[in-house]
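Please read the structure below before turning to the comments.
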Amino acid sequence: MPGIPTPRVRHRGLTVRDIALIGMFAALLAVLSMPFAIPVGPVPITLQTLGVMLAPSILGAKRGTLAVLTFLALTLAGLPLLPGGRGGVMPFLGPTGGYLLGWVVGALAIGLLTRFMLPRYRFWIGFGSNVLGGVVVIYLIGVPWSAIALGDGMLATIMSTFAFLPGDLIKAALAAAIAAAVHRAYPIPPAGRPVAANAADSA
Amino acid sequence: MSMLGLYVPGDSVLHRLPVGAKLLVLLSAVTAVVAFADLWSALGAALAALLLYPLCGFTFRHVWRVLRPLLPFLAVIALFQALVGDGATAVRVCAQLAMAVLLSGLVTLSTRVSEMLGLFERLARPLRYAGVRPDRVALVLALTIRCLPLAASAWQASREAYVARGLRGRPHLMVVPVIIGLIRSAEAMGEALAARGID
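Taken in sequence, the protein lines are chains A and B.
Mind the numbering: the first sequence is residues 0 to 202 in numbering that gives the first Met the number 0, read in order.
Mind the numbering: the second sequence is residues 0 to 198 in numbering that gives the first Met the number 0, read in order.
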């Protein structure tokens, strides 16, 4: 709206509604780990990384990252929430443990990148930030980790490129399409309570 | 899904140890063996970890369940090192991986989910100086466990409808309504909590 100066509003903390949203998306991440999650073709694919991209692109950086952290905390505590009924401390110390830690940083990156284009979510920018945060950032942490665990950097790189990369690129596009539709249909207000920006400065 | 998770009831020394101590020992043992990078100590540590299973009352089935996800990786390492031709490194890396996974399996199998979650809540307590409310950590963990069956059944229902209508090839048509439904129920849950004075 040109001409009318809108008061700058910042959002602080988390309301109880934000906490319910965090819990719901952490649960959604667990559901996406089931092998039958989406019917595409004969190969059963799991969609955890789709959830890792969806949570920050729909909820924003703060709530999205906390949803991923909550999911990982419940997994670490011993609930079998990862594909194949895995869970506990084992996946975190195994060869792919770095990817799990990478999810947290990746979700944060996607959330921060997504914020620049809101309130209108555009597919291509969303796809770009999903690739940057959900693939590049996660691999930057996951590949060196598996290089140490597997004892060879080349092997780790080959594994990530051939086993994970094609699926992750498809999921980045899928997540952007879903997030764009959700933002159009049901925009979620930002996390926390609104606080006037200048009031916070003078206080 | 049962709230027992991967926990196996028992009354060994390991079951009675506090979870924080178990995790500390686990992390220092794994760090030490990986940093030491010696073939024989890695093999010895893996063997010791394996021997702890019967001592703590676990059976071969538990060992198998812990090790099975690791098998493809062990096969890949063996194949790769057979091509490069460094057998000693291959054995050392496999032993390190087996040791790390077996030891962490011991911790998970002998610790209740609630005990581990209690540790996380205690660890989150100092964060209150950074503005995090520790009771909220407990609340979000409990809410997520409540949301699990909710999200699973919503997903399942939508998936069945998608298949029954014969829709093919555009899976996001199925996902978007589920997510919007879940967001709405989360907001209703938030309102219910706020109405009970939690805010």
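Using N, Cα and C, we set each Cβ at its ideal position, and we do this for glycine too.
For a contact meaning CB atoms closer than 8 Å, what does residue i contact in chain A?
i: glutamate 186 of chain B; result: Arg16, Ala19, Leu20
i: arginine 135 of chain B; result: Leu13, Ile18
i: valine 24 of chain B; result: Neighbours of valine 24 of chain B on chain A: none; closest Cβ ~12 Å, over 8 Å.
i: proline 68 of chain B; result: Gly83, Arg85, Met89, Pro90, Gly93
i: aspartate 198 of chain B; result: Thr14, Val15
i: alanine 150 of chain B; result: Met23, Ala26, Leu27, Ala29, Val30
i: threonine 107 of chain B; result: Gly77, Gly86, Gly87, Val88, Met89
Can you check which of these residues, the options, is closest to residue i by C-alpha distance?
i: alanine 47 of chain B; options: B:Met188, B:Gly86, B:Ala99, B:Pro8; result: B:Ala99
i: glycine 86 of chain A; options: B:Ile144, B:Glu120, B:Leu82, B:Val65; result: B:Val65
i: valine 94 of chain B; options: B:Ala74, B:Val83, B:Thr107; result: The residue asked about is misnamed: residue 94 of chain B is alanine in this sequence, not valine. Measuring from the Cα of alanine 94 of chain B, the nearest candidate turns out to be B:Ala74.
i: isoleucine 18 of chain A; options: B:Met115, B:Pro176, B:Ala137, B:Ala41; result: B:Ala137
i: glycine 19 of chain B; options: B:Phe79, B:Leu116, B:Val83, B:Arg60; result: B:Leu116
i: proline 189 of chain A; options: A:Ala155, A:Phe161, A:Leu117; result: A:Leu117
i: leucine 92 of chain A; options: B:Ile76, B:Ala89, B:Pro68, B:Phe79; result: B:Pro68
i: alanine 191 of chain B; options: B:Lys21, B:Arg91, B:Leu142, B:Ser157; result: B:Leu142
i: leucine 99 of chain A; options: A:Leu164, A:Leu111, A:Gly110, A:Thr48; result: A:Thr48
i: serine 40 of chain B; options: B:Thr88, B:His171, B:Leu13, B:Leu166; result: B:Thr88
i: serine 184 of chain B; options: B:Arg121, B:Pro148, B:Ala31; result: B:Pro148
i: leucine 22 of chain B; options: B:Gly86, B:Leu118, B:Leu42, B:Met188; result: B:Leu118
Do residue j and residue i have their beta-carbon atoms positioned less than 8 Å apart in this structure?
i: alanine 60 of chain A; j: arginine 114 of chain A; result: yes
i: serine 103 of chain B; j: valine 88 of chain A; result: yes
i: leucine 140 of chain B; j: leucine 73 of chain A; result: yes
i: leucine 38 of chain B; j: phenylalanine 72 of chain B; result: no
i: alanine 195 of chain A; j: valine 8 of chain A; result: yes
i: serine 159 of chain A; j: valine 135 of chain A; result: no
i: aspartate 134 of chain B; j: valine 15 of chain A; result: no
i: leucine 58 of chain A; j: alanine 66 of chain A; result: yes
i: isoleucine 177 of chain A; j: valine 162 of chain B; result: no
i: alanine 45 of chain B; j: leucine 101 of chain B; result: yes
i: threonine 95 of chain A; j: serine 145 of chain A; result: yes
i: glycine 127 of chain A; j: alanine 108 of chain A; result: no
i: alanine 153 of chain B; j: valine 177 of chain B; result: yes
i: serine 27 of chain B; j: cysteine 55 of chain B; result: no
i: alanine 54 of chain A; j: cysteine 146 of chain B; result: no
i: leucine 25 of chain B; j: valine 106 of chain B; result: yes
i: valine 92 of chain B; j: glycine 150 of chain A; result: yes
i: glycine 110 of chain A; j: isoleucine 137 of chain A; result: no
i: histidine 10 of chain A; j: proline 186 of chain A; result: no
i: isoleucine 21 of chain A; j: threonine 69 of chain A; result: yes
i: phenylalanine 79 of chain B; j: leucine 154 of chain A; result: yes
i: isoleucine 140 of chain A; j: glycine 97 of chain A; result: yes
Give the interface partners of residue i over in chain B, defined as CB-CB distance under 7 Å, in chain order.
i: proline 79 of chain A; result: Gly4, Leu5
i: valine 181 of chain A; result: Val175, Ile178, Ile179
i: arginine 62 of chain A; result: The premise fails here: arginine 62 of chain A is roughly 10 Å from chain B at the closest Cβ pair, so nothing lies under 7 Å.
i: tyrosine 185 of chain A; result: Ile179, Ile182
i: aspartate 151 of chain A; result: Phe79
i: alanine 25 of chain A; result: Thr143
According to DSSP, which residues form a beta bridge with residue i?
i: arginine 232 of chain A; result: Beyond the ends of chain A as shown, which are 0 and 202, falls residue 232 of chain A; an answer cannot be given.
i: proline 193 of chain A; result: A:His10
Please report the Cβ distance between residue i and residue j, rounded to the nearest whole angstrom; I am assuming they are in contact, meaning their Cβ atoms lie under 8 Å.
i: methionine 52 of chain A; j: alanine 171 of chain A; result: 6 Å
i: tyrosine 6 of chain B; j: arginine 111 of chain B; result: 5 Å
i: glycine 63 of chain A; j: alanine 106 of chain A; result: 5 Å
i: glycine 191 of chain A; j: leucine 13 of chain A; result: 6 Å
i: valine 30 of chain A; j: alanine 151 of chain B; result: 5 Å
i: alanine 179 of chain A; j: phenylalanine 122 of chain A; result: 5 Å
i: valine 181 of chain A; j: isoleucine 179 of chain B; result: 6 Å
i: alanine 174 of chain A; j: serine 56 of chain A; result: 6 Å
i: leucine 70 of chain B; j: valine 62 of chain B; result: Between valine 62 of chain B and leucine 70 of chain B the Cβ distance is about 12 Å, and since that is not below 8 Å, they are no contact.
Give the residues of chain B in contact with residue i, contact being defined as C-beta atoms less than 8 Å apart.
i: valine 194 of chain A; result: Within 8 Å Cβ-Cβ: nothing; valine 194 of chain A doesn't reach chain B, min ~13 Å.
i: isoleucine 177 of chain A; result: His171, Val174, Val175, Ile178
i: threonine 69 of chain A; result: Val139, Leu140, Thr143
i: leucine 154 of chain A; result: Val75, Ile76, Phe79
Under 9 Å between beta-carbons, which chain A residues line up against residue i? List them in chain order, please.
i: glycine 189 of chain B; result: Thr14, Val15, Arg16, Asp17, Ile18, Ala19, Leu20
i: valine 112 of chain B; result: Leu73, Ala76, Gly77, Leu78
i: valine 65 of chain B; result: Gly87, Met89
i: glycine 43 of chain B; result: The premise fails here: glycine 43 of chain B is roughly 18 Å from chain A at the closest Cβ pair, so nothing lies under 9 Å.
i: alanine 193 of chain B; result: Thr14, Val15, Arg16
i: phenylalanine 59 of chain B; result: Per Cβ cutoff of 9 Å: no residues; phenylalanine 59 of chain B is ~17 Å from chain A at best.
i: threonine 88 of chain B; result: Gly150, Asp151
Under a CB-based cut-off of 8 Å, is residue i close to chain C?
i: valine 8 of chain A; result: Absent here is chain C; the protein component of the structure consists of chains A and B.
Taking residue i as the query, report the chain B residues whose CB atoms sit under 9 Å from its CB, ordered along the chain.
i: alanine 146 of chain A; result: Result: empty, since nearest Cβ-Cβ is about 11 Å, beyond 9 Å.
i: leucine 173 of chain A; result: Pro170, His171, Val174
For a contact meaning CB atoms closer than 7 Å, what does residue i contact in chain A?
i: aspartate 37 of chain B; result: Under the 7 Å cutoff, chain A gives no residues; its nearest Cβ is about 13 Å from aspartate 37 of chain B.
i: glycine 269 of chain B; result: The structure shown has nothing for residue 269 of chain B, since chain B only spans 0 to 198.
i: valine 62 of chain B; result: Going along chain A, no residue has its Cβ under 7 Å from valine 62 of chain B, so there is no contact; the nearest lies around 12 Å.
i: glycine 248 of chain B; result: One cannot answer for residue 248 of chain B here, as it falls past the ends of chain B, which runs 0 to 198.
i: glycine 9 of chain B; result: By Cβ distance, chain A contributes nothing, its closest Cβ being about 14 Å from glycine 9 of chain B, past 7 Å.
i: valine 92 of chain B; result: Leu149, Gly150
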